[in-house]
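In the working numbering, the protein residues as written are 37 to 696.
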């Protein structure tokens with residue numbers, strides 16, 4: 037679909053890309069990887085047409101659409117969530133204008149038998165079918181499913197976008213982009229502002245509904261689950277692997293080892309040749325051989341070994357002073373903002389040495405409870421910090437709190453006290469800020485470098501309770517692995533607020549889930565929690581189908597199984613419905629059942645057409661636009677399935693309301 041041809045980019049006489057070539061095919065799921073500064077975001081901008089290369093080109097067919105989500109963008113605040121997201125369907129108006137133009141041309145022409153007239157007829161037919169397919173009621177249904185998948189509730193739909201934080205507004209832009217269904221989707225760190233449930237929903241969307249995807253992400257579990265191809269940018273070149281990230285890591289190590297062996301052999305050959313030249317340079321009898329060796333040396337194409345970071349990030353937290361047995365005890369803790377109860381009745385105890393995770397959708401109170409523990413905001417209930425507890429706190433916006441006008445060295449020098457000031461250079465070197473890097477201004481650092489710099493501050497004094505709020509945002513995978521190992525080896529207590537499953541896996545032994553105004557404890561690791569969460573959600577979904585579901589749920593407890601009702605117990609009698617109420621009930625149920633029946637019939641009709649076309653393809657009849665018609669029918673099938681899902685949900689709700 038998209039062809040990158042002889043692409044080169046130079047910045048200040050430094051080559052970022054050198055004659056790069058590759059093709060993005062339909063259904064490709066590409067992870068773009070490389071160290072910070074390798075040019076991943078620049079590559080996405082060039083493909084999106086937002087930046088021009090120094091030389092080379094990006095060939096995009098006229099009928100191929102590209103959607104791009106940058107790491108940061110300027111967002112408008114003049115509309116509600118629904119109004120903003122509905123802009124995703126503005127192309128339908130463009131399609132209608134095209135149809136009007138073609139109709140106008142057909143009215144003026146009389147060459148009914150010409151090829152040009154037939155082409156106009158075919159173009160009009162295609163446009164009309166596409167418009168009919170995309171402008172159905174399904175637009176509203178898809179918009180609702182996408183917004184709810186990204187964590188919004190129905191109550192949020194009509195709220196002004198200005199009421200939402202930057203992270204939530206990025207979700208709005210992501211929703212618009214996904215609803216446009218571009219042929220090539222370019223995503224730069226899409227998971228930075230998503231919680232675990234939203235990331236899983238996005239994974240499913242990208243693997244089942246998206247066309248081609250090119251993404252940059254430091255979430256290893258996310259790119260492993262989504263991608264089937266990995267392109268590494270290194271030293272201005274690319275290395276293309278038809279595997280996901282985990283398999284790429286193994287293959288890359290093999291490639292580096294091969295490169296290193298070839299490099300060492302070449303270095304030996306060069307050294308031997310130079311030694312020969314130097315040894316016999318002034319001997320007349322060897323002049324011919326010396327000249328030959330000099331020409332041979334000049335022709336050697338020097339092997340470059342890919343970027344292997346030889347600096348050593350040695351992250352180790354100081355030994356934790358002993359604290360009381362329970363560093364944090366919460367008893368009926370609650371927090372309210374105006375009429376909004378963020379959470380209430382939070383009751384739990386965190387033991388000394390435990391490592392726990394706070395997870396849940398954004399806005400459910402994870403960072404809020406952290407601020408309560410830190411004493412930054414008032415709350416209800418009782419929250420005790422144990423004896424001799426010294427807290428080290430990494431806030432979610434810690435990197436943004438740095439003074440950008442000073443150097444890296446001065447940033448640490450300002451907070452260091454005592455003997456530690458004599459070791460600042462060593463500490464900075466251990467965090468890859470050695471040499472000239474320590475004299476850089478903070479404002480020129482990347483997001484990952486700022487996060488590393490903020491992390492150094494935690495190492496300047498011994499603590500026994502680490503509270504880390506989204507510590508992995510903007511960190512590359514290698515640094516995340518080192519941070520994870522350092523936390524595992526830390527002998528104090530740790531609270532981690534994170535949506536990064538790979539980071540939490542094997543690190544925490546207890547999970548606290550925030551949601552629905554509650555804080556629920558789940559013993560076990562993050563994947564134990566996710567598995568239990570999935571089963572819990574299914575159970576709740578089944579219970580909502582029954583009018584007595586809530587009573588059943590309330591009656592159950594972890595310690596007991598509800599017993600069958602005694603024969604003598606009679607169900608509570610319901611008030612009799614009036615004739616008008618019965619008519620209204622039957623009418624509503626009939627209307628909902630009709631929607632389901634119509635949706636099922638439409639699915640069956642489309643499936644029959646798909647079967648016919650697939651039979652033609654199997655028979656070798658692949659002439660004309662048969663693949664385009666097949667793709668269009670597949671889209672219609674997706675739309676019809678979405679309508680059927682919504683109709684079925686509506687029917688369940690209606691039946692539940694009337695107890696049927």
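Built from N, CA and C at the ideal position, the CB exists for glycine as well.
With a 10 Å radius around its C-beta and 16 neighbouring C-beta atoms as the bar for buried, classify residue i as buried or exposed.
i	result
residue 60	buried
residue 17	Lying before the first or after the last residue shown, residue 17 is absent from the chain, which here runs from 37 to 696.
residue 63	exposed
residue 451	exposed
residue 527	exposed
residue 520	buried
residue 366	buried
residue 685	exposed
residue 459	exposed
residue 281	buried
residue 148	exposed
residue 357	exposed
residue 414	exposed
residue 98	exposed
residue 305	exposed
residue 274	buried
How is the beta strand (DSSP E) around residue i delimited, first residue to last?
i	result
residue 42	38–47
residue 90	Segment: none, residue 90 is in no beta strand (DSSP E) and carries neither H nor E.
DSSP three-state call for residue i: helix, strand or coil?
i	result
residue 265	strand
residue 199	helix
residue 545	coil
residue 668	helix
residue 515	helix
residue 116	strand
residue 527	coil
residue 337	coil
residue 708	Residue 708 falls outside the range modelled here, since the chain spans only 37 to 696, and no answer is possible.
residue 58	strand
residue 51	strand
residue 319	coil
residue 566	helix
residue 186	coil
residue 602	With a pLDDT of 38 at residue 602, under the threshold of 50, the modelled position of this residue cannot be trusted, and the question is left open.
residue 579	Caution is warranted here: a pLDDT of 41 is assigned to residue 579, below 50, making its placement in the model unreliable, and the coordinate value is therefore given only provisionally. Here residue 579 sits in helix by DSSP.
residue 477	strand
residue 624	helix
residue 207	helix
residue 359	coil
residue 158	helix
residue 353	coil
residue 675	helix
residue 654	helix
residue 663	helix
residue 258	helix
residue 149	coil
residue 194	coil
How about residue i: is its C-beta nearer than 8 Å to some C-beta of chain C?
i	result
residue 250	Looking at the structure shown, chain C is missing, and only one protein chain is on hand.
Going by DSSP, name the residue or residues bridged to residue i.
i	result
residue 274	269
residue 67	251, 266
residue 532	393, 504
residue 551	554
residue 123	Paired residues: none, contrary to the question.
residue 540	Beta-bridge pairing links residue 540 to no other residue.
residue 559	546
Note the first and the last residue of the continuous alpha helix (DSSP H) segment covering residue i.
i	result
residue 140	127–144
residue 368	Element bounds for residue 368: not the alpha helix (DSSP H) but the beta strand (DSSP E), 364–373.
residue 297	281–316
residue 468	That residue, residue 468, is in no alpha helix (DSSP H); it is neither H nor E in DSSP.
residue 77	76–83
Nearer than 7 Å: is that true of the beta carbon of residue i relative to any heavy atom of the ligand ADP?
i	result
residue 85	The ligand ADP is absent from the structure shown, which contains no ligand whatsoever.
Can you list, in chain order, the stretches of the beta strand (DSSP E) that have 3 or more residues and sit fully within the region 376–462?
-> 376–386, 391–396, 416–421, 427–430
Can you list the alpha helix (DSSP H) stretches of 4 or more residues lying completely in the region 482–513, in chain order?
-> 483–492
Mind pulling the alpha helix (DSSP H) runs of 4 or more residues that sit fully within the region 212–250?
-> 232–244
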